[in-house]
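In terms of the working numbering, the sequence shown is residues 76 to 919.
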Amino acid sequence: MRHRLTDEFGVDPSPELAALHQAILRQDASLGPPPGVPDRPRANLPAQLTALVGRRNALEEVDKLLSGARLVTLIGPGGVGKTRVAVEAATRIAARAPLESSSQGPQFPDGVWLVELADQRAGVADLAQAVAATLGLSGDVPAGSPGPGTPWAPADRLAAALRERRILLVLDNCEQVVDPAAELADLLLRAAPGLGVLATSREPLGLAGETVYLVEPLQPADAIRLFTERATASAPGFALDGETREAVAEICRRLDGIPLALELAATRVRGLGARELAARLEDRFRVLTAGQRGAPARQQTLRAMIDWSWELLSEPERVVLRRLAVPAGGCTLDAAEAVCAGAGVPREEVLDLVTRLVDRSLVVMADSPAGPRYRLLESVAAYATERLREAEELAGVRERHLRHYLDLAEQAEPQLRGPRQQAWLGRLDAEAANFRSALQEAVLPDAAARLATALCWWWLLRGRLSEGRRALSAVLAVAPEAAELRVLEGAFTLLTGDRSSSRPSLPSGIDAPVRRGRALWLHAYGLFHAGLPDASEEVNARALDLLATDEWGTAAVLGLRAMNALARGDLDAVARDGLRSAALFRELGDRWGELQTVSPLSTLAEIKGDYTEAARRQTEGLRIAQELGLAAEVAARHSGLGRLALLSHDWDRAHDLHERALQLATEQGYVYGEVHAVMGLALGARRSGDLDAAEAYLIRLRDELMSSAAGEHLLLVELGFTAELREDAARAADCQLRGLEVARSFGELRAVALSFEGLAGAAALSGDVGRAESAALLLGAADAARRSVGAPLPPAERGDVDRIMAVTRAVLGEAAHAEVFLRGTRLTPQEAAHLARTVLSDAS
76 MRHRLTDEFG VDPSPELAAL HQAILRQDAS LGPPPGVPDR PRANLPAQLT
126 ALVGRRNALE EVDKLLSGAR LVTLIGPGGV GKTRVAVEAA TRIAARAPLE
176 SSSQGPQFPD GVWLVELADQ RAGVADLAQA VAATLGLSGD VPAGSPGPGT
226 PWAPADRLAA ALRERRILLV LDNCEQVVDP AAELADLLLR AAPGLGVLAT
276 SREPLGLAGE TVYLVEPLQP ADAIRLFTER ATASAPGFAL DGETREAVAE
326 ICRRLDGIPL ALELAATRVR GLGARELAAR LEDRFRVLTA GQRGAPARQQ
376 TLRAMIDWSW ELLSEPERVV LRRLAVPAGG CTLDAAEAVC AGAGVPREEV
426 LDLVTRLVDR SLVVMADSPA GPRYRLLESV AAYATERLRE AEELAGVRER
476 HLRHYLDLAE QAEPQLRGPR QQAWLGRLDA EAANFRSALQ EAVLPDAAAR
526 LATALCWWWL LRGRLSEGRR ALSAVLAVAP EAAELRVLEG AFTLLTGDRS
576 SSRPSLPSGI DAPVRRGRAL WLHAYGLFHA GLPDASEEVN ARALDLLATD
626 EWGTAAVLGL RAMNALARGD LDAVARDGLR SAALFRELGD RWGELQTVSP
676 LSTLAEIKGD YTEAARRQTE GLRIAQELGL AAEVAARHSG LGRLALLSHD
726 WDRAHDLHER ALQLATEQGY VYGEVHAVMG LALGARRSGD LDAAEAYLIR
776 LRDELMSSAA GEHLLLVELG FTAELREDAA RAADCQLRGL EVARSFGELR
826 AVALSFEGLA GAAALSGDVG RAESAALLLG AADAARRSVG APLPPAERGD
876 VDRIMAVTRA VLGEAAHAEV FLRGTRLTPQ EAAHLARTVL SDAS
């Protein structure tokens with residue numbers, strides 16, 4: 076100014092101008108704005124009208140990333156809240172004082188600016204002009220510009236203007252201009268070392284130095300909270316209570332925890348209520364059509380939200396996306412290739428297209444032990460299914476889907492009976508939803524029948540018995556000529572507790588003897604678990620004739636024969652067949668098969684009084700069951716170990732083990748396991764003196780769970796012992812007499828002996844000499860019956876016998892008691908039963 080005044084006017088600066096010059100040189104603080112006058116804006120971030128829910132960790136992570144990276148890109152599916160997280164993170168940064176310690180987070184003293192790119196469709200120059208306009212930069216040519224006649228590009232002008240600034244640019248919605256946005260960001264970051272960029276996009280920008288942060292859908296609790304807050308604001312009187320909680324949880328799950336979808340759904344609560352809204356989500360694109368008026372058009376409806384992403388895809392990407400709607404619950408890469416390859420997309424291109432869809436946040440990738448798995452969010456899958464129908468491809472893609480999973484199941488089926496059993500179980504578990512979908516929507520009945528047949532062994536090992544029965548019945552309805560399937564369906568009917576298929580005919584339609592034998596063995600296995608041991612042994616014997624050349628089949632038949640032998644008290648057969656079966660299964664590497672021998676062999680050791688061996692087998696069985704993830708078997712082994720704890724009088728440990736067994740069995744719908752666990756709890760309660768708890772458990776068994784004859788017998792005996800301990804002679808006699816009839820019906824002498832012991836206790840209650848003699852005779856008969864099958868009572872199980880015998884000795888005297896007891900050992904079971912009925916019929 077001094078030079079211009081002198082050159083143009085020949086005058087010196089005024090005192091005021093000279094003073095200003097000195098103040099500038101001194102950087103006088105008085106040159107700043109007066110108190111109360113705001114400085115120029117440092118941000119253009121919009122104020123939010125609602126609270127941000129469930130993103131505290133995301134905000135902390137983004138803040139941390141911006142401290143160490145100059146380009147951070149928030150990616151995620153449409154509607155997940157990338158913009159909201161970016162704006163909130165930027166707002167927190169802008170609120171910091173410019174000279175705060177760097178430990179408080181990234182510093183941008185020249186401002187934090189949001190640049191909305193959703194409406195941009197042009198190149199780098201247009202994006203640069205949009206950024207410049209947001210920052211309020213003029214179009215003046217900066218110093219150092221090219222010479223006359225050389226154009227100065229908008230992006231270069233913007234880069235020069237930002238060179239000395241420490242500024243954060245929030246580039247929002249980059250996905251539809253991802254290439255020019257990436258080019259501009261790269262140019263600016265290289266030119267301006269103090270610049271930071273926080274971008275939001277459905278795919279990464281793909282630049283060196285970029286840090287990508289995935290904004291994920293809300294966790295269930297946060298999703299419920301967000302929906303509830305928005306629904307309460309939209310529908311006065313709405314409350315999350317017992318009636319609505321389940322419906323709200325279902326809405327949040329079906330909408331994948333996507334905030335925009337949840338907010339759209341919340342606006343419908345006023346008109347539909349939560350339960351009706353949940354029921355109508357099958358038609359979600361018609362239901363979720365009313366957004367907030369101030370929202371962009373792409374966020375007004377659920378369809379518009381996904382349309383926005385669809386329009387950005389190439390045609391091959393659209394083809395793969397719509398075909399990926401058919402796999403259920405995700406799929407592996409080889410499944411994606413099998414299902415998606417076809418007209419318009421060669422198989423060798425599927426990998427690249429799927430990974431591009433992952434980059435665009437339309438396909439979710441997750442690692443698994445078998446490699447990456449790909450899935451669609453439910454709303455994207457619903458949208459893609461509509462597009463698949465429009466393209467008239469649904470039937471063809473479903474056929475490819477069925478064939479792929481048929482190949483997988485048939486490849487897996489033999490592997491489930493060998494050393495790779497555990498790995499293949501895990502692989503099939505991951506595809507459970509795909510198998511279910513393939514069977515439900517099968518377009519080829521023959522292929523569906525083959526698939527159901529191949530899956531039977533997996534259903535059995537995993538305890539998916541009800542699912543297997545339903546699937547087999549459904550496939551039989553469309554493929555009634557499938558002979559093997561009919562036999563297998565009968566077996567699963569039995570395994571679920573229905574005895575209607577107890578006597579199948581030999582399946583003449585199955586040509587291969589081994590396949591016929593294995594199908595019959597499975598039916599015999601079902602008969603055993605349905606409490607029909609005689610029919611089980613008959614069918615099992617027919618299976619053995621067909622499986623003479625099949626080592627696995629032989630092992631299976633012998634294992635089942637050992638279980639049946641235990642049920643009828645043939646302990647020599649249990650040892651012979653059980654040990655041989657276990658050895659064969661061990662040689663084959665079939666851990667599940669080996670596990671089936673644990674129960675008969677550990678029970679045999681228990682009967683012999685070898686509790687160490689019994690515990691070893693049960694513990695090994697538990698380890699196998701846990702390795703294979705067989706929850707029903709884990710429940711059974713807990714009951715087995717609980718039984719051993721009872722024998723050692725460790726009541727607390729026995730109770731805990733049986734409670735755990737009951738929990739696991741109930742979760743699996745494993746009724747047989749529930750029966751064993753509740754009976755174990757009842758035995759423990761009675762033996763520890765808690766008669767009320769014992770009776771409650773026994774009544775639960777009687778009213779809710781009991782089905783087999785052996786189980787009914789033990790129930791009646793325990794009810795009788797409980798009544799005896801309460802000194803209720805009539806009820807004790809009634810229960811024990813009924814128990815005796817059940818025991819005699821299935822002919823197991825140890826069970827008959829237990830009933831004699833219970834009847835002795837009922838007889839001894841009266842205290843008179845005649846009844847005491849009858850009680851001693853029955854105790855002698857029981858001892859003889861047990862010894863006849865090589866199973867005398869071990870010391871740990873003599874509690875009830877010793878208690879009753881103490882009473883009879885006290886009444887008869889030692890010598891007389893010994894003589895009567897000896898006479899009782901000479902009675903046949905029939906004579907002892909007649910004696911019991913004669914003596915106790917009046918009492919009952």
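Using N, Cα and C, we set each Cβ at its ideal position, and we do this for glycine too.
*asked:* Quick check on this structure: which residue in R873, C810, P870, L897 has the alpha carbon closest to the alpha carbon of A911?
replied: When each option's Cα is compared against that of A911, the closest is C810.
| task | Let me know if F84 comes out buried or exposed under the rule of 16 or more other beta-carbons within 10 Å of its beta-carbon. | result | Exposed: under 16 other Cβ atoms inside 10 Å.
Under a three-way DSSP split, which group does L564 fall into? The sequence as given places Glu at residue 564; Leu does not occur at that position. Three-state result, E564: helix.
* Considering only residues of the same chain and omitting the five flanking positions on each side of T571, which have a CB-CB separation below 7 Å? -> These residues qualify, in order along the chain: L540, S541, R544.
>> Does the contact criterion of 3 or more C-beta pairs under 8 Å hold for the segment 547-562 versus the segment 514-525?
In response: Counting C-beta pairs closer than 8 Å gives three or more between the segment 547-562 and the segment 514-525, which meets the contact rule.
Say whether the segment 415-423 touches the segment 133-147, bearing in mind that this needs 3 or more beta-carbon pairs closer than 8 Å, one atom from each stretch. As far as the Cβ criterion goes, the segment 415-423 does not touch the segment 133-147, which means the pair count is below three.
Review point. At what residues does the beta strand (DSSP E) containing A441 begin and finish?
Key: Taken as a continuous stretch (DSSP letters only), the beta strand (DSSP E) holding A441 covers 439-441.
* If you run the structure through DSSP and keep just helix, strand and coil, what is E823? -> In the three-state reduction of the DSSP assignment, E823 falls in the coil class, being assigned neither a helical nor a strand state.
Where do the N-terminal and C-terminal ends of the alpha helix (DSSP H) with S849 fall, by residue?
For S849, the enclosing alpha helix (DSSP H) has its first and last residue at 844-863.
field: Rounded C-alpha distance that separates Y458 from E351
entry: Distance between the alpha carbons of Y458 and E351 is about 21 Å.
### Query
Whose C-beta lies closer than 7 Å to the C-beta of V253 among residues of the same chain, with five residues either side of it excluded?
Only S276, E278, L280 meet the Cβ criterion.
Neighbourhood of V876 by C-beta, 7 Å cutoff - its chain only, sequence neighbours within 5 removed: Closer than 7 Å at Cβ, skipping near neighbours: E832, L854, L868.
Between A257, L789, Y480, which has its C-alpha nearest T407's C-alpha? Closest option to T407, judged by alpha-carbon separation, among A257, L789, Y480: Y480.
Worksheet item: Can the beta-carbon of L293 be found less than 9 Å from the beta-carbon of G269?
Response: No, these two residues do not count as a Cβ contact at 9 Å.
Just to check my reading of the structure: L703 and Q490 have Cβ atoms closer than 8 Å, yes? What is that Cβ distance to the nearest angstrom? Not a contact, Cβ separation roughly 13 Å.
#### Entry: Secondary structure of R448, DSSP reduced to three states
Looking at R448 - three-state DSSP - the assignment turns out to be strand.
Pick from D103, R435, V362 that is closest to W385, judged by C-alpha positions: Selected option, being the one with the closest Cα: R435.
Taking only runs of the alpha helix (DSSP H) that begin and end inside the segment 468-526, which ones reach a length of at least 4 residues, in chain order?
-> Uninterrupted alpha helix (DSSP H) stretches at least 4 residues long and entirely within the segment 468-526 occur at 469-490, 496-505, 507-515, given in chain order.
Q.
My output table needs one value for E175: the three-state DSSP class, helix, strand or coil.
A. Legend: pLDDT at E175 = 48, less than 50; position of this residue unreliable, no value from coordinates given.
Determine the direct distance from the alpha carbon of D625 to that of A298, and round the result to whole angstroms. Their Cα atoms are separated by approximately 55 Å.
Specify the secondary structure class of S763 as computed by DSSP and reduced to three states. Of the three classes helix, strand and coil, the one that applies to S763 here is coil, per DSSP.
Complete runs of the alpha helix (DSSP H) confined to the segment 623-673 [at least 4 residues]: The segment 623-673 contains these whole alpha helix (DSSP H) runs: 626-643, 646-663, 666-671.
Can you tell me whether S454 is buried or exposed, with buried defined as 16 or more other CB within 10 angstroms of its CB?
That one is buried.
task: Please report the residue range of the beta strand (DSSP E) in which I333 lies.
output: Run containing I333: none; DSSP gives neither H nor E here.
Measuring only the C-alpha atoms, how far is V653 from D685? First, the amino acid is wrong: residue 653 is Gly here, not Val. Their Cα atoms are separated by approximately 16 Å.
- Query: Beta-carbon separation of R145 and V245 under 9 Å?
  - Reply: Going by beta carbons, R145 and V245 fall outside the 9 Å limit.
Going by beta carbon distance, what residues of the same chain come within less than 6 Å of S849, once the five residues before and after it are set aside?
Result list for S849: A838, V914, in chain order.
Self-check item: Element boundaries [beta strand (DSSP E), containing S714]
Solution: Segment 706-722 is the alpha helix (DSSP H) holding S714; no beta strand (DSSP E) there.
* Asked: With DSSP run on the structure shown, which of helix, strand or coil describes P90?
  -> Helix.
Practice problem: Using the Cα positions of T900 and W667, report the straight-line distance between them to the nearest angstrom. | Solution: In this structure, the alpha-carbon of T900 lies about 42 Å from that of W667.
message = Among the candidates A257, S142, F360, whose CA atom is the shortest distance from the CA of D247?
response = Closest by alpha carbon: A257.
Own chain partners of V128 with C-beta closer than 8 Å, once the 5 adjacent residues on each side are dropped
Closer than 8 Å at Cβ, skipping near neighbours: L293, D297, R300, L301, E304, P334.
Tell me, please, which residues DSSP counts as bridged to Y747.
Within the DSSP secondary-structure output, Y747 pairs in no beta bridge.
Can you find the residues in the same chain that come closer than 7 Å, C-beta to C-beta, to A169, ignoring five residues on each side of it along the sequence?
If we look at A169 and ignore the five residues flanking it on each side, its Cβ neighbours are R117, A118, L120, V187.
*Coarse secondary structure for C249, derived from DSSP in three states*: Secondary structure of C249 (DSSP, three-state): coil.
(request) For Q693, count neighbouring Cβ atoms within 10 angstroms of its own Cβ and tell me buried if that reaches 16, exposed if not. (result) That one is buried.
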